[in-house]
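Numbering (the numbering used here), first residue to last: 4 to 454.
This is the structure in structure tokens:
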């Protein structure tokens, strides 16, 4: 008879909403902490110098797509570990954790090789010559940190998949504080350290990522999550895990990268319009990222529970958890959208003193509110699909939503129809809703077929 793990949040069936919320809060807090730490980095580098801020913005935009891809690859760990954990197969959990580290490390090394080629040809990207001495060392330091962040992502997803989202939260928050302290010491200098400027910010990022990775390596799973049984000696087990993790992780990574890329290309369109449009877009992107992280935390928690239900063959639990997660997400975005609309001017004014930018940000808030339903759909059911290990259509669906629908409409609305910067933001409801509908239909089809 199959043994179920009674410690898993899987078995809080009567409290699905509370269980999702309790799992998601640490994820949300950690993600918001990372956003605040990113803001602190930007502020401190900007105070050091304008050239340093420009160089940091260029390099960070390049690396953001890579980080989304690596994060997506690590998300494959959740359904694999979660399904074993829900059945009490603790040896398989440990084997899956080891295989996940291997897969994520190999992926990061492949990405690092491509970035190395880019580094030696970085002049071809047409950046101002005075910025290159700042860009190159900063680029190299972040390049070194890619394997570190990949291993950290793998370990974090392992803890999360077992329902332990608090450990990763505390590690990430501590790492963010450590990063900010190092920034003060290395960017501006101290009696013990030289002022390294942008390079100091890169070294601080590298050291904080290394500290977070080591902290999770040192942290042990809760006693109730472990077993005295040894890992399987069969060579087929690790091979199956490794191939499964690659099969699941690559499509998820590409899907997240395509979504991020659509916003990056939209920023290029904004630059064609002018500096006011680009500034307003940056403000709205910051606001939308804040909301996105909250919804993604909720749906990531739902993915953990779904992987547990799938592990014990409870398809009704899978369906109900996805529906509950969507309902909670919609309630959250309704509250956030209401607050944003009521406080539109104060929120915009907190980012800029330019009246033109403030008015444009307020105008962009209308399409932002309109795409929340589609965004909730696509976040919820993309996570649900990865939790049930059905990711083969994530890449083509993301390509259709963002490259076939969203980006062409952004160009059409902004330029031929002369809607300008606001027109670009009106393309997002179409793209995100398309993605949400496609993911939802695929999820329903998969569950109905398996049922």
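For each residue, glycine too, the CB sits at the ideal point set by N, CA and C.
Option in 277, 161, 442, 424 with minimal Cα separation from residue 394: 442
Can you tell me whether residue 258 is buried or exposed, with buried defined as 16 or more other CB within 10 angstroms of its CB? buried
When you compare the CB positions of residue 292 and residue 308, do they come within less than 7 Å of one another, or not? no
Where are the beta strand (DSSP E) runs, 3 residues long or more, that stay fully inside the segment 129-210, in chain order? none
Helix, strand or coil: which one does DSSP assign to residue 74? helix
With distances taken from CA atoms, which of 202, 213, 261, 286 is nearest residue 401? 261
Beta-carbon proximity of residue 306 to residue 390, cut-off 7 Å: yes
beta-carbon residue 356 near the ligand PLP non-hydrogen atom, thresh 6 Å: The ligand PLP is absent from the structure shown, which contains no ligands of any kind.
Could you give the DSSP three-state label for residue 355: helix, strand or coil? coil
Given 8 Å, three or more beta-carbon pairs between the segment 26-35 and the segment 169-183: yes
Look at the Cβ atom of residue 427, then the Cβ atom of residue 438, and state whether they are nearer than 7 Å. no
Taking the C-alpha atoms as reference points, what is the distance between residue 255 and residue 420? 34 Å
Taking all protein chains shown into account, do 16 or more other C-beta atoms lie within 10 angstroms of the C-beta of residue 452, making it buried, or fewer, making it exposed? exposed
Reference residue 338, options 372, 363, 356, closest by Cα: 372
Residue 63 in three-state terms, based on DSSP: helix
Classification of residue 117 by the beta-carbon crowding that lies within 10 angstroms, buried from 16 upward: exposed
Could one say the Cβ of residue 353 lies closer than 7 Å to chain D's Cβ atoms, at least one of them? As a matter of chain content, chain D is missing from the structure shown, which is built from one protein chain.
Sequence-distant residues of the same chain with beta carbon closer than 8 Å to residue 288, five excluded per side: 266, 270
CB residue 431 to CB residue 396, shorter than 7 Å? no
Helix, strand or coil at residue 249 [DSSP, three-state]: helix
Looking only at its own chain, which residues have a Cβ that is under 6 Å from the Cβ of residue 359, when we skip the five neighbours before and after it? 279
Residue 405 - DSSP class collapsed to helix/strand/coil: helix
Assess contact between the segment 54-72 and the segment 137-153, defined as three or more Cβ pairs (one per stretch) separated by less than 8 Å. Is contact present? yes
Taking 8 Å as the threshold, find out whether the segment 115-131 comes into contact with the segment 86-98 through three or more Cβ pairs. no
Let's see if you can read the secondary structure: which residues bound the alpha helix (DSSP H) around residue 293? 278-314
Are residue 367 and residue 347 closer than 7 Å when you measure CB to CB? no
List the endpoints of the continuous alpha helix (DSSP H) containing residue 339. 318-345
Could you give the C-beta distance for residue 76 and residue 99, rounded to a whole number, given that I count them as a contact under 8 Å? At roughly 14 Å, the Cβ-Cβ gap does not stay under 8 Å, so residue 76 and residue 99 are not in contact.
Hey, how far is the Cα of residue 56 from the Cα of residue 180? 21 Å
By Cβ distance, which residues of its chain are closer than 7 Å to residue 263, with the 5 residues on each side in sequence left out? 67, 68, 71
Identify the continuous alpha helix (DSSP H) that holds residue 374 and give its terminal residues. Counting along the chain, residue 374 falls outside any alpha helix (DSSP H), and DSSP gives it neither H nor E.
Residue 420 (DSSP reduced to helix, strand or coil): coil
Taking the alpha carbon of residue 160 as the reference point, which residue from 24, 344, 101 has its own alpha carbon closest? 101
Contact under 7 Å by Cβ, residue 446 with residue 405: no
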